[in-house]
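Engineer: This is the structure I have questions about; it appears just below.
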Amino acid sequence: MRRDAEANREKLVLAAKRLMQDQGGDVSVEVICELAGITRGTFYRNFPDRAALYEAVLEHELEDMIAALEVPAADPLTFLRLFAEMMMVYDKFLTVLPDMDDCRTNRASEAKIIAAIAPALGRAQANGVIASDITGEDIMILCRMISADWRLDPVGSKEEALDRRLGLLLRGISPRASE
6 MRRDAEANRE KLVLAAKRLM QDQGGDVSVE VICELAGITR GTFYRNFPDR
56 AALYEAVLEH ELEDMIAALE VPAADPLTFL RLFAEMMMVY DKFLTVLPDM
106 DDCRTNRASE AKIIAAIAPA LGRAQANGVI ASDITGEDIM ILCRMISADW
156 RLDPVGSKEE ALDRRLGLLL RGISPRASE
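Straight run, no breaks: the sequence shown in the numbering used here ends on number 184.
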């Protein structure tokens, strides 16, 4: 892909991500293109539809999360926060495009996430922060639960709500919780 084409694709992904965070999932192609400074024709050269763009946004989020987890000092709270936030972005897409739940990237993304979780989870288990019987799949389930619940919380800041839920989760999966 040419550099200018890659740059245009990246602009569209970042614009869609920003609009999703600010306005939710029901954002028109026109609004995305306007924020990105891209024409509709360029949009459709890069993506056949919004669902394909949203898959690219999720892939971008996944890459960011994996990069953050590659830092050896990454603690479990960092991972849990990133993953829960990514699941909330995904949830916004599902409110507008419910059939996206079957998108072709889900299985590949889950495999990447589980592989990315392993080192951070292993460090957390070795440091006594997370019980040794907790798996990457367990962490994914827990983060999905947090993201679903967080959406329903009408009170307070989302940051405080997420901190509270992550704190509860960490207490629940600590080695002391399983004693």
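Just so it is clear, CB atoms sit at the ideal spot from N, CA and C, and this is done for glycine as well.
Step through the CB atoms of chain C and report whether any lies within less than 8 Å of the CB of Glu15.
Structural biologist: Given the protein chain composition of this structure (a single chain), no chain C is represented.
Engineer: Taking just the CA atoms, how far does Met25 sit from Arg45?
Structural biologist: 18 Å
Engineer: With burial defined as no fewer than 16 other Cβ atoms inside 10 Å of the residue's Cβ, what is the status of Leu174: buried or exposed?
Structural biologist: If you draw a 10 Å sphere on the C-beta of Leu174, you find 16 or more other C-beta atoms in it, and that means buried.
Engineer: Assign Val34 to one of three DSSP states: helix, strand, or coil.
Structural biologist: Residue state for Val34 is assigned as helix, using DSSP reduced to three classes.
Engineer: In angstroms, rounded to a whole number, what distance separates the CA positions of Ala113 and Ala121?
Structural biologist: Rounded to whole angstroms, Ala113 to Ala121 spans 12 Å at the Cα level.
Engineer: Between the C-alpha atoms of Thr140 and Leu85, what's the straight-line distance to the nearest angstrom?
Structural biologist: 13 Å
Engineer: Between the alpha carbons of Asp9 and Leu17, how many angstroms are there, rounded?
Structural biologist: 12 Å
Engineer: Alpha carbon to alpha carbon, how far is Ala136 from Ile144? Give it in angstroms, no decimals.
Structural biologist: Computed Cα separation, rounded: 11 Å.
Engineer: If we ignore side chains and look at the alpha-carbon of each, how far apart do Pro53 and Leu67 end up?
Structural biologist: 21 Å
Engineer: I need the straight-line Cα distance from Leu157 to Arg23, nearest angstrom please.
Structural biologist: 21 Å
Engineer: Going by C-alpha distance, which of Ala20, Ile119 and Ile71 is nearest Val36?
Structural biologist: Ala20
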